[in-house]
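For the sequence shown, our numbering gives the first residue as 48, with consecutive numbering after it. The beta carbon of each residue, even a glycine, is placed where N, CA and C say it ideally should be.
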Amino acid sequence: MEIIGKLIKILPEQSGTTEKGTWIRGGFVIEYQDGEYPQNAAFTLFGENKINMAKNIPLGSQVKVNFSIRSREYQERWYTDLSCFRVETVVPNGMYQQPYQQPAYQPGYTQPVYQQQPYPQQQPQQFANPAQPAQVQQQPAQPVYPDAAQGQPAPSFNNFGGGNDMSEENDLPF
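Encoded structure:
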């Protein structure tokens with residue numbers, strides 16, 4: 048699943064040791080819009096790599112969270128967890144990300160210089176001369192009405208069925 052919201056809190060880390068080794072867990076809280084009112088959701092991160100993803104995001108940033116919902120039963124009670132597997136910042140619509148800054152020049156390193164290669168000269172292609180050139184028929188730019196060709200005006204579509212006489216001040220049909 049995926050949700051977008053504002054990062055409002057980084058939760059403290061917890062760690063422990065089991066038969067399989069040590070574990071570390073952290074989390075964060077976002078605020079998101081659900082209809083008319085803002086809502087909060089707390090997400091859990093397992094493993095140091097995932098915890099570091101959230102640590103590097105400043106509070107107040109818009110984030111996109113990819114997560115899964117997991118529930119488990121313990122002593123006849125159910126517990127649900129929003130387990131995050133990816134979190135990243137989101138750029139709001141209409142705004143641009145900070146452009147990438149070019150690293151500063153370091154002495155001893157030079158920019159590679161590329162020389163422009165000359166274009167190979169090609170002989171123009173020879174085409175066979177046709178015995179007769181094809182006849183090109185030109186189409187008129189505008190349709191020709193038969194009445195207009197005989198000196199009569201083209202059909203008029205001024206009356207839109209309203210029965211109005213168009214002799215008033217304006218020539219609008221309504």
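Beta-bridge pairing of residue i - partner residues as DSSP gives them
i	result
Leu129	Ile116
Ile57	Phe75
Leu106	Answer by DSSP bridge pairing: none, since Leu106 is not bridged.
Glu49	Asn113
C-alpha distance - residue i paired with residue j, whole-angstrom precision
i	j	result
Glu83	Asn96	35 Å
Ile116	Lys67	24 Å
Thr64	Arg72	12 Å
Ile104	Trp125	32 Å
Pro85	Gln122	33 Å
Gln109	Thr91	18 Å
Pro220	Ile77	59 Å
Asp81	Ser62	33 Å
Glu120	Ala88	21 Å
Cβ shell of residue i (< 8 Å), same chain only, five flanking positions each side left out
i	result
Gly107	Lys53, Leu54, Ile55
Phe132	Lys97, Asn113, Phe114, Ser115
Residue interval of the alpha helix (DSSP H) (run including residue i)
i	result
Glu95	95-102
Limits of the beta strand (DSSP E) - the one that residue i falls within
i	result
Asp218	From DSSP, Asp218 is part of no beta strand (DSSP E); its letter is neither H nor E.
Glu41	Examination of residue 41 is not possible in this model, given that the chain is present from 48 through 221 alone.
6 Å CB neighbourhood of residue i in its chain, flanking five on each side removed
i	result
Met100	Val134
Phe93	Arg72
Cβ shell of residue i (< 7 Å), same chain only, five flanking positions each side left out
i	result
Lys222	Given a span of 48 to 221 for the chain in the structure shown, any question on residue 222 remains unanswerable.
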